[in-house]
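Asks:
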Amino acid sequence: MKLSYIIPTYNAIDTVEKTLDSIYATSLDEQDFEVIVVDDCSKDDTCALVEQYALKHPNLRLLRQPENHRQGAARNRGLKEATGDYITYIDADDFVLEGFAKAWSVAKETNADMIYGYMEIEKTNGLHIHKLSAAPNTLMSGKEFAETYCADGVFYYPPSYIYKRAFLERINTPFIEERQHEDRDWLASVLAQAETVAVCPYTTYRYTMNPNSTCRAARYSTIFDHVASGIRHIDLSEQLKADCPKLSATLYAFGREEIHHSIRLRNLTKYTWADNKHLYDAQHLQPLMSDLKRICKHYNMPSEVCIVSYCPLLTKATTFIASPIATFIRKLKHQ
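According to this note's numbering, the stretch in the sequence shown is residues 28 to 362, in order.
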C-alpha cells in the first residue's frame with residue numbers, strides 16, 4: 028500500500044520547503060509514499076525550489092497548472108494523478124507530524140474510507156490540540172461520526188484526514204474550482220458519504236496561522252468567495268437535513284453567519300475597490316444575486332443580506348463611495 032501527499036502551491040517559496048521537510052522527517056519509508064506538488068501558476072520561484080528538492084527525492088513530482096484556478100482545481104488534479112491507495116491533502120505552509128505514521132498504520136489495519144487524526148492549531152496564545160473523545164481505532168459510519176462530532180469542527184480541516192482513493196473516486200465529489208474557501212462544505216459532504224471513519228489518537232498535523240496565505244489575503248479572498256461559500260453550506264445543510272440533522276443545523280448556522288459577516292457594510296469596505304470590484308461585474312454579480320434571492324426567499328436571513336440581494340445597485344453605489352473613504356481613513360490611522 029502507498030500513501031499520496033497532495034500539496035497545492037501558489038507563491039509558496041517561503042514555506043513549502045519546511046512543509047516538505049516535515050513530510051520526509053517522519054518514520055515512513057519513502058517507498059511507502061509519494062508527494063505530488065501541484066503548482067497553480069506561482070509567480071515566484073516555488074517551482075524551481077520544488078524541482079531542486081525532487082533531485083534528492085525521486086518519489087516527489089511537480090505538476091504545473093496551465094492556468095490559475097485556485098486550490099480546489101489543484102487538489103482535483105492531484106487526485107487524478109495520484110497512485111497511492113490512500114491520499115491526503117497538505118497545505119504548503121503547514122507541517123506533517125510523526126503521528127501521521129500512526130494514522131497510516133490505522134489506515135492499513137482498518138481499511139476505513141477516512142482516518143481522522145488530531146491536529147495542532149497555531150493560535151495567538153500558543154498551540155492547541157484539536158482532539159476528540161472517541162475511542163482509538165473505533166469504526167463509525169461517516170454520518171454517525173459527523174453527527175457525533177460536528178460541534179467539534181470535524182469538517183473544518185481536510186488535512187486532518189487520510190482518504191481512501193477508491194472511495195473519493197467512487198463518490199466523485201470534486202472541490203469547487205475558481206474560488207477560495209472551498210474546503211469545509213466539501214469535507215462535510217465527503218464525511219456524510221463515507222461508509223467507515225476511524226480515529227487515530229495522535230497529533231498528525233500542525234496548522235499554522237500564515238497571514239500571507241491565499242485564504243486570508245484580500246487580493247485572493249474576496250467577498251464573493253465568502254458569500255458563495257455560505258450559500259453552498261446552506262444548500263448542503265438542506266440536502267443533509269433528513270440523514271444528519273445535527274450536521275445540517277451546524278452547516279446552516281455556519282453558512283448564514285458567513286454570508287451575513289461578509290455583507291455587513293464594514294466588511295464590504297474592508298477591501299479596496301480594486302480588490303473587490305469584480306463583485307459587481309455581470310459575470311459574478313448576476314448569479315450571486317440570484318442565489319442570494321433564493322436563499323432570502325426560503326430562509327430567515329438578516330435584513331442586511333436581504334437588502335443586498337434585492338438592491339444590488341444600491342449596494343454597488345454605497346461601496347463605490349464608502350470603500351475609497353474607508354481605505355483613506357485606514358491609511359491615515361497607520362501614518
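The beta carbon of each residue, even a glycine, is placed where N, CA and C say it ideally should be.
Straight-line CA distance for TYR183 to LEU274?
Replies: Whole-angstrom Cα-Cα distance: 12 Å.
Asks: Ignoring anything shorter than 4 residues or poking outside the segment 173-253, list the alpha helix (DSSP H) runs there in chain order.
Replies: If we require 4 residues or more, the alpha helix (DSSP H) runs fully inside the segment 173-253 come out as 192-198, 211-220.
Asks: Which value, in whole angstroms, describes the spacing of the CA atoms of THR151 and ASP179?
Replies: Approximately 20 Å between the Cα atoms of the pair.
Asks: Hey, could you find the ends of the beta strand (DSSP E) ARG88 is sitting in?
Replies: Element bounds for ARG88: 87-91.
Asks: Taking the straight line between their C-alpha atoms, what separation do you get for ILE33 and TYR279?
Replies: C-alpha separation (whole angstroms): 30 Å.
Asks: Assuming VAL65 and PRO93 are in contact, meaning their beta carbons sit under 8 Å apart, how far apart are those beta carbons, in whole angstroms?
Replies: About 12 Å separates the two Cβ atoms, so there is no contact after all.
Asks: Does PRO329 come out as helix, strand or coil in the three-state DSSP assignment?
Replies: Coil at PRO329, not helix or strand.
Asks: Below 8 Å, how does it come out for the segment 185-205 and the segment 94-105: are there three or more Cβ pairs, yes or no?
Replies: Verdict: yes, contact present.
Asks: Note down the Cα distance separating SER289 from LEU315, rounded to an integer number of angstroms.
Replies: If I take the Cα positions, the gap works out to 13 Å.
Asks: TYR37 by DSSP, collapsed to three states: which one?
Replies: Looking at TYR37 - three-state DSSP - the assignment turns out to be coil, as it is neither helix nor strand.
Asks: Taking the straight line between their C-alpha atoms, what separation do you get for PHE281 and VAL181?
Replies: Between PHE281 and VAL181, the C-alpha separation is close to 13 Å.
Asks: Could you check where the alpha helix (DSSP H) with ASP48 kicks off and where it finishes?
Replies: Note, ASP48: alpha helix (DSSP H), 43-51.
Asks: Could you tell me the alpha carbon to alpha carbon distance between LEU87 and ASP212, rounded to whole angstroms?
Replies: One C-alpha to the other measures close to 29 Å.
Asks: Once the 5 residues before and after ARG243 are set aside, which same chain residues still bring their CB inside 6 Å of it?
Replies: For ARG243, the predicted structure reports a pLDDT of 47, less than 50, and the residue's modelled location is therefore unreliable. A value from the coordinates is still provided. Cβ neighbours of ARG243 beyond the five flanking positions: none.
Asks: What does the Cβ neighbour count give for MET146, buried or exposed, with the cut at 16 atoms within 10 Å?
Replies: MET146 is buried by the Cβ-count criterion.
Asks: Hey, is the segment 49-62 in contact with the segment 114-123, meaning 3+ C-beta pairs nearer than 8 Å?
Replies: These segments touch.
Asks: Classify GLY153 as helix, strand or coil using the three-state DSSP reduction.
Replies: DSSP places GLY153 in strand when its eight states are reduced to three.
Asks: Give every residue of the same chain whose Cβ lies closer than 6 Å to the Cβ of TYR229, excluding the five residues on either side of it in the sequence, and list them in chain order.
Replies: Closer than 6 Å at Cβ, skipping near neighbours: GLY126, LYS129.
Asks: Kindly list the residues whose CB is nearer than 6 Å to the CB of ILE189, restricted to its own chain and excluding five residues on each side of it in sequence; keep chain order.
Replies: So the qualifying residues of the chain are TYR113, THR115, ALA130, ALA134, ILE142.
Asks: So the candidates are ILE286, ASP270, PRO186; which of them puts its Cα closest to the Cα of HIS260?
Replies: Closest option to HIS260, Cα to Cα, is ILE286.
Asks: In or out: THR42 buried (at least 16 other Cβ within 10 Å) or exposed?
Replies: Looking at its Cβ environment, which holds 16 or more other Cβ atoms inside 10 Å, THR42 is buried.
Asks: Using a Cβ-Cβ cut-off of 8 Å (strictly less than) and excluding sequence neighbours within five positions of ASP140, which residues of its own chain qualify?
Replies: Closer than 8 Å at the Cβ level, and outside the excluded window around ASP140, lie GLY169, TYR190, LYS191, PHE194, ALA221, GLU222, THR223, VAL224.
Asks: Compute the Euclidean distance between the alpha carbons of GLN313 and CYS323, then round it to the nearest angstrom.
Replies: Those two C-alpha atoms are separated by around 15 Å.
Asks: Between VAL77, HIS253, GLN98, CYS227, which lies nearest to MET167 when the distance is taken from Cα to Cα?
Replies: The candidate whose alpha carbon is nearest that of MET167 is CYS227.
Asks: Among residues of its own chain, excluding the 5 on either side of GLU61, which ones have a beta-carbon nearer than 8 Å to its beta-carbon?
Replies: Closer than 8 Å at the Cβ level, and outside the excluded window around GLU61, lie LYS29, LEU30, SER31, TYR32, ASN86, LEU87, ARG88, ALA109, THR110, GLY111.
Asks: Taking the alpha carbon of HIS84 as the point to measure from, which residue in ASP59, LYS107, ARG233 has its own alpha carbon closest?
Replies: Cα-wise, what sits closest to HIS84 is ASP59.
Asks: Classify GLU125 as helix, strand or coil using the three-state DSSP reduction.
Replies: The answer is coil: DSSP assigns GLU125 none of H, G, I, E or B.
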